[in-house]
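Visitor: The numbering of the sequence shown is the working numbering, which starts it at 235 and goes up by one. This is the structure, below, for whatever I ask next.
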Amino acid sequence: MALPGELWAELTMEKRIFCSVLLFSWAVYLWEAFLARRQRKVYRTTTHVPWELGQIMDSETFEKSRLYQLDKSTFSFWSGLYSELEGTMILLCGGIPFLWNVSGQISGRAGFEPEYEIAQSLVFLLLATLFSAVTGLPWSLYNTFVIEEKHGFNQQTLGFFFKDAIKKFIVTQCILLPVTALLLYIIKIGGDYFFIYAWLFTLVVSLVLVTIYADYIAPLFDKFIPLPEGELKQAIEMMAKSIDFPLTKVYVVEGSKRSSHSNAYFYGFFKNKRIVLFDTLLEDYCALNKEHSEGEDGEDDDTKSKVKVLSFCLTVLSRRFEFQADAFAKELGKAKDLYSALIKLNKDNLGFPVSDWIFSMWHYSHPPLLERLQALKDAKQD
235 MALPGELWAE LTMEKRIFCS VLLFSWAVYL WEAFLARRQR KVYRTTTHVP
285 WELGQIMDSE TFEKSRLYQL DKSTFSFWSG LYSELEGTMI LLCGGIPFLW
335 NVSGQISGRA GFEPEYEIAQ SLVFLLLATL FSAVTGLPWS LYNTFVIEEK
385 HGFNQQTLGF FFKDAIKKFI VTQCILLPVT ALLLYIIKIG GDYFFIYAWL
435 FTLVVSLVLV TIYADYIAPL FDKFIPLPEG ELKQAIEMMA KSIDFPLTKV
485 YVVEGSKRSS HSNAYFYGFF KNKRIVLFDT LLEDYCALNK EHSEGEDGED
535 DDTKSKVKVL SFCLTVLSRR FEFQADAFAK ELGKAKDLYS ALIKLNKDNL
585 GFPVSDWIFS MWHYSHPPLL ERLQALKDAK QD
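What follows is the structure in structure tokens.
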């Protein structure tokens with residue numbers, strides 16, 4: 235009986251690479267499934283508010299967040315298992331070569347000869363993303379209209395959901411296909427140093443997309459309006475000015491048509507920074523509500539592959555930045571305000587404040603609530 239090492243030695247280089255990719259994919263999946271199991275145990279067993287949050291989180295909100303996160307975790311397990319099995323079957327059954335051959339036939343019928351591999355590659359990419367969108371649709375529907383609906387977050391209608399999904403697919407292709415065509419052309423003519431030119435090209439594209447996203451791409455899906463004049467806008471502008479933050483505009487995005495989750499972010503480079511607030515953060519802001527009612531247009535408009543070694547490094551870096559940002563808020567004497575804001579965001583989004591430490595370290599780009607509150611606690615009391 236042949237030993238595993240002997241069987242490995244008999245494999246061709248192509249089969250070794252194939253087996254290595256498959257084994258690595260399953261190793262990552264099993265590791266993440268193990269972490270998810272640890273976190274689900276936390277959701278199941280932590281049924282009472284931690285004493286650290288006893289005065290700031292009621293038991294009803296805590297139980298809602300626990301059940302919400304438990305449902306999300308269960309959904310993530312099954313969707314992740316399906317995704318891994320689907321990817322494995324595609325590899326074992328030769329799905330990629332099959333799709334490549336189909337792409338060649340389609341591009342050939344369109345008048346492109348076999349030497350036009352860029353055209354064939356674009357057809358392949360289009361078919362692959364279409365397949366991914368179709369197979370992922372049932373999971374997206376279940377997540378939106380069962381889990382998010384059950385816990386009171388979904389605001390979409392079925393028509394809005396499909397309209398939004400189609401729009402996203404079209405916009406993605408309009409960006410992805412030309413960029414991919416240029417990248418493949420650069421690789422084709424780049425010679426021995428093609429990887430340097432390809433890296434520079436992807437860097438430039440990334441910077442351009444980050445710059446134009448909120449101004450030209452995001453408004454295709456959600457309505458953005460300037461934050462109305464008033465006390466809130468003045469306070470934001472004064473804060474930005476006090477720390478030399480080059481704020482140029484403050485927007486409100488109409489995220490409530492999609493979900494009742496709340497958030498905020500800023501974007502921009504150098505001296506052109508902009509802040510975007512979700513309208514769900516400002517539900518009680520009268521001036522904004524008036525602005526919406528007067529300007530409503532009556533429209534009824536609405537994952538996840540990651541390079542895991544790289545994404546973990548970015549997660550660690552992001553957590554470090556978050557702690558640095560919290561420390562900066564403390565230096566400004568805003569620890570009490572940030573403390574309250576973190577609690578409000580956690581309650582509004584039904585975030586669960588207790589996490590398994592390994593799961594948190596691997597997945598959370600933002601530090602867990604209790605860690606951030608503990609870091610702010612002394613300054614808040616002072």
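Each residue gets a CB set at the ideal place from its N, CA and C atoms; glycine is no exception.
Between Phe-500 and Gly-239, what straight-line distance do the alpha-carbon atoms span, to the nearest angstrom?
Guide: Each residue's Cα considered, the two are about 53 Å apart.
Visitor: In whole angstroms, give me the CA-to-CA distance for Ala-563 and Ala-353.
Guide: Approximately 52 Å between the Cα atoms of the pair.
Visitor: Helix, strand or coil, according to DSSP, for Asn-583 in the structure here?
Guide: If DSSP states are grouped into helix, strand and coil, Asn-583 belongs with coil.
Visitor: Would you call the CB atoms of Trp-334 and Phe-358 closer than 7 Å?
Guide: Cβ atoms of Trp-334 and Phe-358: closer than 7 Å.
Visitor: To the nearest angstrom, report how far apart Arg-343 and Glu-349 are at their CA atoms.
Guide: Whole-angstrom Cα-Cα distance: 14 Å.
Visitor: Would a C-beta distance cut-off of 7 Å place Val-283 and Ser-293 closer than the cut-off?
Guide: Yes. Within cutoff.
Visitor: Ignoring anything shorter than 4 residues or poking outside the stretch 418-466, list the alpha helix (DSSP H) runs there in chain order.
Guide: Counting only runs of 4 or more, we get 428-446.
Visitor: Three or more C-beta pairs closer than 8 Å, one from the stretch 320-337 and one from the stretch 264-272: is that the case here?
Guide: Segments in contact, no.
Visitor: What is the DSSP secondary structure of Arg-271, reduced to helix, strand or coil?
Guide: Residue state, collapsed to three classes: helix.
Visitor: Three or more C-beta pairs closer than 8 Å, one from the stretch 428-436 and one from the stretch 388-407: is that the case here?
Guide: At 8 Å Cβ cutoff, the stretches do not touch.
Visitor: Pairing CB atoms from the stretch 367-383 with CB atoms from the stretch 478-485, are three or more of them under 8 Å?
Guide: With a cut-off of 8 Å, the stretch 478-485 and the stretch 367-383 do not count as touching, because too few Cβ pairs lie within range.
Visitor: Thinking just about the alpha-carbon of each residue, which of Ser-307, Asp-582 and Leu-418 is nearest to the one in His-597?
Guide: Selected option, being the one with the closest Cα: Ser-307.
Visitor: Since I believe Val-276 is in contact with Ser-589 (beta carbons under 8 Å), could you give me their beta-carbon distance rounded to a whole number of angstroms?
Guide: With a Cβ gap of about 7 Å, Ser-589 and Val-276 count as contacting.
Visitor: Please return the same chain residues whose Cβ sits closer than 7 Å to the Cβ of Asp-479, not counting the five positions on each side in sequence.
Guide: Per the sequence presented here, residue 479 reads as Phe, with Asp not at that position. Same-chain partners within the cutoff: Lys-507.
Visitor: Answer with buried or exposed for Ile-404, where buried requires no fewer than 16 other C-beta atoms within 10 angstroms of its C-beta.
Guide: Exposed, since its Cβ has fewer than 16 Cβ neighbours within 10 Å.
Visitor: Between the beta-carbon of Asp-513 and the beta-carbon of Ser-490, is there less than 7 Å?
Guide: Yes, the pair counts as a contact, with Cβ atoms nearer than the cut-off.
Visitor: Could you spell out where the alpha helix (DSSP H) holding Asn-335 opens and where it closes?
Guide: Its alpha helix (DSSP H) spans residues 329-343.
Visitor: Is it right to say Leu-522 is buried, meaning 16 or more other beta carbons lie within 10 angstroms of its own, or is it exposed?
Guide: Note that Leu-522 scores 48 on pLDDT, short of 50, meaning its location in the model is unreliable; the coordinates nonetheless yield the value given after this. Its Cβ being crowded by 16 or more others within 10 Å, Leu-522 is buried.
Visitor: Helix or strand or just coil, what does DSSP make of Lys-505?
Guide: Of the three classes helix, strand and coil, the one that applies to Lys-505 here is coil, per DSSP.
Visitor: Consult DSSP for Leu-481 and reduce its assignment to one of helix, strand or coil.
Guide: DSSP places Leu-481 in strand when its eight states are reduced to three.
Visitor: Consult DSSP for Glu-525 and reduce its assignment to one of helix, strand or coil.
Guide: Only weak support exists for where Glu-525 lies, its pLDDT of 42 falling under 50; the coordinates are left without a value.
Visitor: Skipping 5 residues on each side, what residues in its chain have a beta carbon closer than 6 Å to that of Lys-538?
Guide: Because Lys-538 sits at a pLDDT of 42, beneath the cut-off of 50, its placement in the model cannot be relied upon, and the following sentence gives the value as read from the coordinates. Nothing listed; no residue qualifies.
Visitor: Less than 7 Å between C-beta atoms, sequence neighbours within five positions excluded: which residues of the same chain meet that for Leu-515?
Guide: Around Leu-515: Ser-496 and Ala-498.
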